[in-house]
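To keep things clear, I will list the structure first and then write my remarks on it.
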Amino acid sequence: MQVSERKSLYIIDGHAQFFRAYYAIRNPMSSPATGEPTNMVYGFTSMLLKLIREERPDYLAVVIDVASDQETFRSEIDTEYKVNRESAPDDFGGQVDRCLEVIEALDIPILGEPVYEADDVIASLVKQMEREHPELDIRIISRDKDLTQLITDSVELFDAHKGSTVSPDDVFKTQGMGVAPSMVADILALMGDASDNIKGVAGIGPKTAAKLIMEFGSIDGIYENIESIKGKRKENLIAGKEQLKISRELVTLIEDVEFEFKLEDAKSNPEAWQVKPITSLCKELGFNRFPSEIATMAAGTTEEPKSEKVRQSIRGGLFDMGPDQSHPAYSAGYQLIDTKAKLKALLKHLKDADIVAVDTETTGLNPMAAQLCGVSISKGEGEGAYIPTKCPEKHLDQDEVIEALRPILEDESIAKIGHNIKYDLVVFEQAGVTVKGTLHDTLIGSWLIDASRSGYSMDAVALGMLDYECISIKELIGTGKNQIKFNEVPIEDACPYASEDVDITFRLWNVIEPKLQSEGLYKLYAEVEMPLVRVLASMQLDGIQVDADTLEEQRGVLSARIDELKLDIEKASPYPFNPDSPKQLSEVLFNNKSDEKPGLGLKPIKKKGKSFHSTDMEVMGKLSDDPSVKTPLPSLILEYRQLTKLVNTYLVGLKEAINARTGRIHASFNQTGTSTGRLSSSDPNLQNIPIRSEIGRAMRKAFIPKKGFSFVAADYSQVELRMLAHLSGDKALIQAFEEGQDIHKAVASQVFDTPFDEVTSDQRSDAKAVNFGIVYGITKWGLARQLQCAVDYADDIISEYKSRFKGIDSFLGDCVSFAEKHGYVETILKRRRYITQIDATNQQQRMLGERLAINSVVQGSAADLIKVAMNQVQDAFTYSSVQLLLQIHDELILEVPSGESKEVEQHLVNIMESAMELDVPIVADASIGNTWAECK
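If you're matching positions, the sequence shown starts at 5 in the numbering used here and goes up one per residue.
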C-alpha cells in the first residue's frame, strides 16, 4: 500500500528569534545607505536562510507579538503581569520592522493577533493544523519553555541555531527526569517566572516542581496529598495556594485564537522568490553576503554559501598536489608550502609585490614566550600561502624559512599589512628578522573607523565589514581542558585557517583604506597610530627590569598586615566568618541581632541578586564614611580587600610575569583597548599599580634600570585641563595657565568670589573636584557624592563655575550638539568616537551620552598629544642607547645611560612640551631615579 508522504510546517517564534539575533551579534553593524543599525537584522536573516536551505520546510510561517506586554488578556488576570520587564533597547524596534521586511520579501506569512501573545497564536495554529492536516510534522523554532506544552509525536520544538530538537528536560534543566509536555503548565505555575512577574511558590525551582508533579500528577494532586508533604515546603504550598491558581491561568496557552490562515499560503518555495527586490533590500542593509546565496537558492540548487564553499574547496582539494608538482597553482587560492621547491616558487610569485599581507601562527598569545609555528603571506585578495615551521606533519626548518622571507620582510619598498601587526613584529624580532617598510593594520583601521565596537578580532571585523564568517580558532584548538596548541593542529586544518587570515586581511584593507580616506581619518592613522605600532613593539621587546627580591619583600610586609586585619575583622564580628565570602559578610553586617544567624543589624544599601545584600566596594565605602555606623568592620574589609588584591594581582602577578630568559617584564601596550584613544596595558597591567599610595610607591621600588643606566621620567602636568582650556578658548582659564597660577586655586577664587590669596584649602579642593569632574561631564549628584555635600551645594558650585567660565560652558554644549548632529565627536586630531546613547529616549542613557561626548573630546585629545610625543621621543633617540620603556597615563619612563641622564631629561621635556602647539603652555615635569619610585 502506498503511504502518503508527510509534509513539514515550520513555525518561527518571531520575537524570540529577534531577541536572540540581537544579543548574538553585539558588534555594531549599520546600513551603508541609511546608517541605521542592522546587527539584529543580519543575525535573523542568516538564521532564516540557513533554516530554509538546510531544513527545506514544505511550509513556513512567522508568528509575532503585536500587542504590548500590558495590552494582553493576561494583564487583566493579573495587573502585575510583566510590569517589571525592561523596555527593549532603543535600536531594537526599528530592526524588527526591517526583519519583517525580510520575511515579507521571502513570501513568508506573518501572523499575530491583538490581545493575545505570540505563544497563544502558535498554540492555536498548531491545534488548527493538527485538526485540518494530520499529515503534517510541525516544528516550532523556539526554546521558549511555555511552548513545550505543545510537544506531541508530530510537534517538536527546534533550535535552528544548533540544528537540534528541544525537550522539556532541556529547557527546565531536568535531564533524565522525563518531564512530559502535559506537566509543563503545572511546573511553570509552581516555579513561577521572574521575567514575566509570575509568582511561584516560595522555595520551589524547576527540579523541585518537576519532582512534585511527577509524584502527585498535578497541582490538584499535590493539595489532595498535602499532609504527606512536610516542613517549610508544606507551609509555602499552603500559603501560595490562591496565587497558584492565578499563576496556572497565566501560564496556560490559549488554543482557540481566531485568525485567517491557509496552509497553501505558507508554502516555502525559494524558486518562486522575486530575487531582485530581495537582493536590493540586502544591499540597502549592507548585507553583501546574502544576494549570491539567495540567487543560488532561487535557482533551485543546493550549493552551500560562499564562505562554506571556500572552506570545503580548501580542505578538499588543496593538499593533493603530487610530489613532482613544484609550482603550486596560485590561481587555485590557498597553498601549503611544505617543500623547498614550493617555497622557491612562492618567492618567485612574490618578487614583484609592492604590498603583502603577513601573519604568524604561534603556540600562544604572548609573543615574547610563544614559539613560531608558521608564517602565512599573500600579495592579493583570493590567495594565501602557509609555510609551517612546527606541526605534526611535514614542515620546513624555521631558520630556513626566515632567511628565505628576510629579503621580503626587510624590504623598505614593500608595505606590510597585518591584523594586530604589532604581535607579528615582536614574533619576527624574536625569530631574528626586523620587519621594514610601511605598515598597515586592519585592526587599528577598523578601530579608528568605529571605536565603539565590542571587539576587533579578525572574526568580528570580517563579519561586520565583509559579511564573511571566518574559520574560528576554536574549531582548530578547542577550548578549556581539551585545548591544544597550534603546533598540534593537523596541517589540513592549519593551512586553510592561516591562509584565510592573510586573504581576509587583504580584503579588509581594501575596504578600510578608502573608508579611512573618505572619513578624514587617514592622516591620524598614517602619521600617529601606525608609527606608534613600532614604538609599542619596541617597548614590549625591551621590557623593564624588576627585582624579584623586592617584590617578595613587599609581599611579606603586606601578607603580615593582611594577617593582622583578619584578626581585627574576627574581633569586630559577632562570630567567625570567611571575609572573602560576600554572602557571609552580608549576613554579618545586615542580619538582625535576633536572626538565626545574628548580625550587626546595619541598614542594607543595595541588593545582590535575590539571595543577599551587596557588600561591594561602593557599599563598604559608604558604610565606612557613615558616622552613624559605629563598627570598624566596613573599614577593615576595605583595607583587607585592597591589600589582598595588591598581593594576589600585582605582587604575585608581577613576579610570575618576569620573563625567565630576559629577567624583565614585557607588558603589552594596546592601542585599541579604549574608545577614547588612550593606551591600555596588559600582561601585566602596569597602569593599575596605585600611584599616590605608600603601597604603590613601595611596589615601584621593584622596577629598576639595568646596570649603568638610570630612569628618566616625565609627566604631563594637568594635561586634560590644559587641553580643555585650548579647545574651549576660555579666556579666564587660558590666562590662569599662561600666568602659571595654581590652577585649582585660581578657579576657586573665581567660583567662590574670593581673592586669590584668601582661598581656603577646602575651597581649593572643591574647585579641583569640579575642574577634573567637568572633563568627565560630572553631574550635581556625582559632585555631591565626591565632596560628600548637599546636592544643592554641588549644583551651586557647578552653576557658578559655568557662569564664571562661559567659554567652557559653551564648549560643553558644542560637544553635545555636535554629537547630536553627527552621531559622533572628534578630538583635536579628528579621532572619532560614536556616541550611540546621544539619541536615547531613556534619560539616564542620554545623560551618559552627553557625558561621553564631552569626555571623549577632551580625554581623546590628551591621548592624541601623548601619542604624538611618544613618536617624537622614539625618533629622537632611535640611534642611541636610550629606550622608551613605559607609558603610564600621562607619564613616559625612559632607560638612559647614567652619564647622559641630565641631557636626556631636558631633551625629553622639550619634546613633550612642543609636541603640539596649543593656546596654553604645555608643561612636563621630569625627574631622574635609580628606581621607578625615585622618579616621582
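In this text, a Cβ means the ideal position worked out from N, Cα and C, and glycines have one as well.
Keep in mind the model is a prediction, meaning the values are calculated, not measured.
So, is Met44 buried or exposed, given that buried needs 16 or more other C-beta atoms within 10 angstroms?
By the C-beta density criterion, Met44 is buried, having at least 16 other C-beta atoms within 10 angstroms.
Could you tell me the boundaries of the beta strand (DSSP E) in which Cys395 lies?
Segment: none, Cys395 is in no beta strand (DSSP E) and carries neither H nor E.
Report the residue from Asn674, Phe707, Ala661 whose alpha carbon sits nearest the alpha carbon of Pro688.
Of the candidates Asn674, Phe707, Ala661, the residue whose Cα lies closest to the Cα of Pro688 is Ala661.
Have a look at Met531 and Leu512 and give me their C-alpha separation to the nearest angstrom.
Note that residue 531 is Glu in the sequence shown here, rather than Met. In a straight line, the C-alpha of Glu531 is about 20 angstroms away from that of Leu512.
For Arg837, which residues does DSSP report across the bridge?
Bridge partners of Arg837: Val829.
Per DSSP, the bridge partner or partners of Thr76:
Bridge partners of Thr76: none, in fact.
Val159 and Val130: beta carbons closer than 7 angstroms?
At a Cβ-Cβ threshold of 7 angstroms, Val159 and Val130 count as neighbours.
Opposite Asn674 in the DSSP bridges: which residues?
Partner(s): Ser684.
What are the uninterrupted segments assigned as alpha helix (DSSP H) that are 4 or more residues long and contained completely in the stretch 97 to 156, given in chain order?
Whole alpha helix (DSSP H) segments, 4+ residues: 97 to 109, 122 to 136.
If we ignore side chains and look at the alpha-carbon of each, how far apart do Thr283 and Ala299 end up?
Roughly 8 angstroms between the two C-alpha positions.
For Gly613 and Ile142, I'd like the C-alpha separation in whole angstroms.
Unreliable positioning characterises Gly613 in this predicted model, as indicated by a pLDDT of 47, which lies under 50. The coordinate reading is nonetheless provided below. Approximately 39 angstroms, taken between the alpha carbons.
On the DSSP bridge assignment, give the partners of Leu161 in chain order.
Residue pairing of Leu161 in beta bridges, as defined by DSSP: Ile144, Val170.
Please name the residue or residues paired with Pro371 in a DSSP beta bridge.
Under DSSP, Pro371 forms no beta bridge with any residue.
Can you check the stretch 856 to 938 for any alpha helix (DSSP H) of at least 4 residues that lies completely inside it and give the ranges in chain order?
Correct list: 905 to 917.
Does Arg10 pass the burial test, meaning 16 or more other C-beta atoms within 10 Å, or should it be called exposed?
Per the 10 Å Cβ criterion, exposed.
Ile226: which of Phe594, Glu253, Met187 sits nearest, CA to CA?
With distances taken between Cα atoms, Ile226 lies closest to Met187.
Short Cβ contact (7 angstroms threshold) for Arg293 with Asp69:
Contact: no.
Return the residue from the list Pro494, Leu429, Ile516 that minimises the CA-CA distance to Met462.
The option with the nearest alpha carbon to Met462 is Ile516.
Which of the three DSSP states, helix, strand or coil, is assigned to Val67?
Taken through DSSP and simplified to helix, strand or coil, Val67 comes out as strand.
In terms of residue numbering, what span does the beta strand (DSSP E) encompassing Asp17 cover?
For Asp17, the enclosing beta strand (DSSP E) has its first and last residue at 11 to 17.
Specify the secondary structure class of Tyr338 as computed by DSSP and reduced to three states.
Tyr338 falls in the strand class under three-state DSSP.
In angstroms, rounded to a whole number, what distance separates the CA positions of Ile258 and Asp123?
Using only the alpha carbons, I get a separation of about 8 angstroms.
From which residue to which residue does the alpha helix (DSSP H) around Lys478 run?
Run containing Lys478: 477 to 481, per the alpha helix (DSSP H) assignment.
Can you tell me whether Ala37 is buried or exposed, with buried defined as 16 or more other CB within 10 angstroms of its CB?
It is exposed - the Cβ of Ala37 has fewer than 16 other Cβ atoms within 10 Å.
Give a yes or no on whether the C-beta atoms belonging to Val362 and Ile406 are separated by under 7 angstroms.
Taking 7 angstroms as the cut-off, the beta carbon of Val362 is found no closer than this to the beta carbon of Ile406.
Alpha carbon to alpha carbon, what distance is there between Phe822 and Met727?
Taking the straight line from one Cα to the other gives about 18 angstroms.
Is the beta carbon of Val431 sitting closer than 7 angstroms to the one on Leu413?
Not a contact, by the Cβ cut-off of 7 angstroms.
Can you pull the DSSP bridge partners for Arg668?
Partner(s): Gln549.
Nearest residue (CA-CA) to Ser679, options Ile453, Lys426, Gly733, Lys705:
Measuring from the Cα of Ser679, the nearest candidate turns out to be Ile453.
Can you grab the Cα-Cα spacing for the pair Gly18 / Ala92, in whole Å?
Between Gly18 and Ala92, the C-alpha separation is close to 15 angstroms.
Ile29 versus Asp190, Gly903, Met51, residue with shortest Cα-Cα distance
That would be Met51, whose Cα lies nearest to the Cα of Ile29.
Within the stretch 739 to 775, ranges of the alpha helix (DSSP H) (whole runs, at least 4 residues):
Counting only unbroken stretches of 4 or more residues, the alpha helix (DSSP H) elements lying wholly within the stretch 739 to 775 are 747 to 755, in sequence order.
For the structure I just gave you, are there three or more beta carbon pairs, one from the stretch 862 to 872 and one from the stretch 827 to 840, closer than 8 angstroms?
Result yes; three or more Cβ-Cβ pairs closer than 8 angstroms.
DSSP three-state label for Gly386, please.
For Gly386, the secondary structure class from DSSP, reduced to helix, strand or coil, is coil.
Straight-line Cα distance separating Lys420 from Val465
Within the model, the alpha-carbon separation for Val465 versus Lys420 is close to 19 angstroms.
Ignoring anything shorter than 4 residues, give me the alpha helix (DSSP H) runs that lie fully in the stretch 405 to 484, in order along the chain.
List check, alpha helix (DSSP H) in window: 425 to 434, 446 to 453, 462 to 470, 477 to 481.
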